[in-house]
Amino acid sequence: MTYVNLITGGAGFIGSHLCEALLERGEEVLCLDNFFTGRKANIAHLLGHPRFELVRHDLVNPIVLEADRIFNFACPASPVHYQYNPVKTIKTNVMGALNMLGLAKRVNARILQASTSEVYGDPTVHPQTEDYWGNVNPIGPRSCYDEGKRVAETLFFDYHTQNQVDIRVIRIFNTYGPRMLVNDGRVVSNFVVQALRNEPISIYGNGDQTRSFCYVSDLVRGILCMMDTDDFHGPVNLGNPGEFTILELAQKVIELTGSSSQLEYHPLPENDPTRRRPDISLARERLGWEPTVALEEGLKETINYFDALLRES
Ligand code: NAD
Ligand code: UDP
């Protein structure tokens, strides 16, 4: 069947890779974005495609569209960007979810929510399993994002229970790859850009905090597995279980770029999670999914992307 897929945040980093993957499967793509952190350049190569359409729209406002499947990805994901206008971030998460769930209910579409490992906050359980309720500060600098995503999950499950909307909820762990913004502010793009420019590598805190990094092609495969699966609503963790300290990441990036960059230490941002690693047993069992791209391999692709981009500018 050829589905009409609505992808909110489709001009963003993950959204644009998802648009491409769906077109490659022969499906229709309706990409919706307000270009807050998304770029036309991410989807410029898709604009002439006969099965691709672009809608400039802000998801906090309702919209009437027709779609068989909705991927709700609109929301700035980098702490720098989501903290720029916290009230707007909450609105995007909550009103965006309400608008898309209302649409899904009206047109009887299956709808997938891009939730996040941030729903676990600064976790006291390690690695994180889906049944862990999290440790989130409701009034800190990350709350607009963390709590916004938590409310969105609640809305998804309430629409499912109350209105039988066919939901899917995935919790995405740190994902990286080509098409992140040069000034994105997230750790992988920051380190790669700094290393390529031979500028100091900005380590926040002492660099002992850990993250697990998933390459974007692995994530997109997981998203599609979840959307295609019947009788499983999630939430399900999607991420790479390899765990690295931020210092280890910096060293890898320096090594792979052959950079002369030195480490430069900065204060740790407030409420920065200390450890993060997904338990992906559920994704393995229910979706038969696991990542295949090793950090070094994914970093090489990412470095090549930023290297070409920086040379152009
Ligand atoms: P991104 O910032 O590149 O993409 C977000 C997209 O949403 C952008 O194109 C932006 O312009 C658009 N957008 C933001 N507010 C909007 C609004 N009000 N109306 C319409 N469009 C709007 O970030 P990303 O990394 O591609 O993340 C995509 C989704 O995945 C987000 O929902 C994010 O929370 C989630 N996620 C990402 C990660 C990750 O590591 N990349 C981890 C967990 C969850
Ligand atoms: N970080 C860092 N230097 C940077 C950017 C981020 O040391 O230039 C750290 C940040 O403090 C966090 C980790 O890297 O501990 C991941 O940060 P990111 O913003 O990528 O995502 P988060 O998982 O915190 O949402």
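Numbers 158 to 470, taken from our numbering, label the letters of the sequence shown in order.
Don't be surprised by glycine CBs; every beta carbon is placed ideally from N, CA and C.
To the nearest angstrom, how far is it from the Cα of residue i to the Cα of residue j?
i: threonine 449; j: glutamine 240; result: 32 Å
i: isoleucine 247; j: leucine 456; result: 31 Å
i: aspartate 375; j: tryptophan 446; result: 9 Å
i: threonine 159; j: arginine 182; result: 9 Å
i: aspartate 388; j: arginine 263; result: 20 Å
i: isoleucine 296; j: valine 308; result: 14 Å
i: proline 430; j: glycine 362; result: 11 Å
i: asparagine 199; j: isoleucine 360; result: 28 Å
i: cysteine 176; j: glycine 396; result: 20 Å
i: asparagine 294; j: serine 235; result: 18 Å
i: asparagine 250; j: cysteine 232; result: 7 Å
i: lysine 245; j: aspartate 288; result: 29 Å
Can you check DSSP and say which residues form a bridge with residue i?
i: isoleucine 164; result: Cys188 and Phe228
i: leucine 211; result: Cys188
i: cysteine 371; result: Thr332
i: threonine 402; result: Thr367
i: tyrosine 422; result: Ile360
i: leucine 312; result: The partner list for leucine 312 (beta bridge, DSSP) is empty, contrary to what the question assumes.
Let me check understanding here. Comparing Cα to Cα, which of the options lies closest to residue i?
i: asparagine 468; options: Leu353, Glu412, Ile360 and Asn394; result: The identity of residue 468 in the sequence shown is arginine, whereas the question assumes asparagine. That would be Leu353, whose Cα lies nearest to the Cα of arginine 468.
i: leucine 255; options: Val293, Gly305 and Ser470; result: Gly305
i: alanine 201; options: Gly167, Arg226, Cys232 and Leu381; result: Gly167
i: serine 369; options: Val410, Glu400 and Phe314; result: Glu400
i: tyrosine 462; options: Ser346, Gly364 and Pro435; result: Ser346
i: asparagine 292; options: Asn428, Asp464 and Ile437; result: Asn428
i: tyrosine 302; options: Glu275, Leu163, Leu381 and Ile437; result: Glu275
i: alanine 372; options: His174, Val161 and Asn162; result: For the record, residue 372 in the displayed sequence is tyrosine; it is not alanine. Measuring from the Cα of tyrosine 372, the nearest candidate turns out to be His174.
i: alanine 407; options: Pro398, Glu421 and Asn394; result: Glu421
Quick check: residue i and residue j, are their CB atoms within less than 8 Å of each other?
i: proline 280; j: arginine 433; result: yes
i: arginine 325; j: glycine 391; result: yes
i: glutamine 351; j: threonine 402; result: no
i: methionine 252; j: threonine 165; result: no
i: asparagine 162; j: leucine 187; result: yes
i: alanine 224; j: alanine 271; result: no
Could you check what DSSP says for residue i in three-state terms: helix, strand or coil?
i: alanine 271; result: strand
i: valine 217; result: coil
i: aspartate 464; result: helix
i: leucine 204; result: coil
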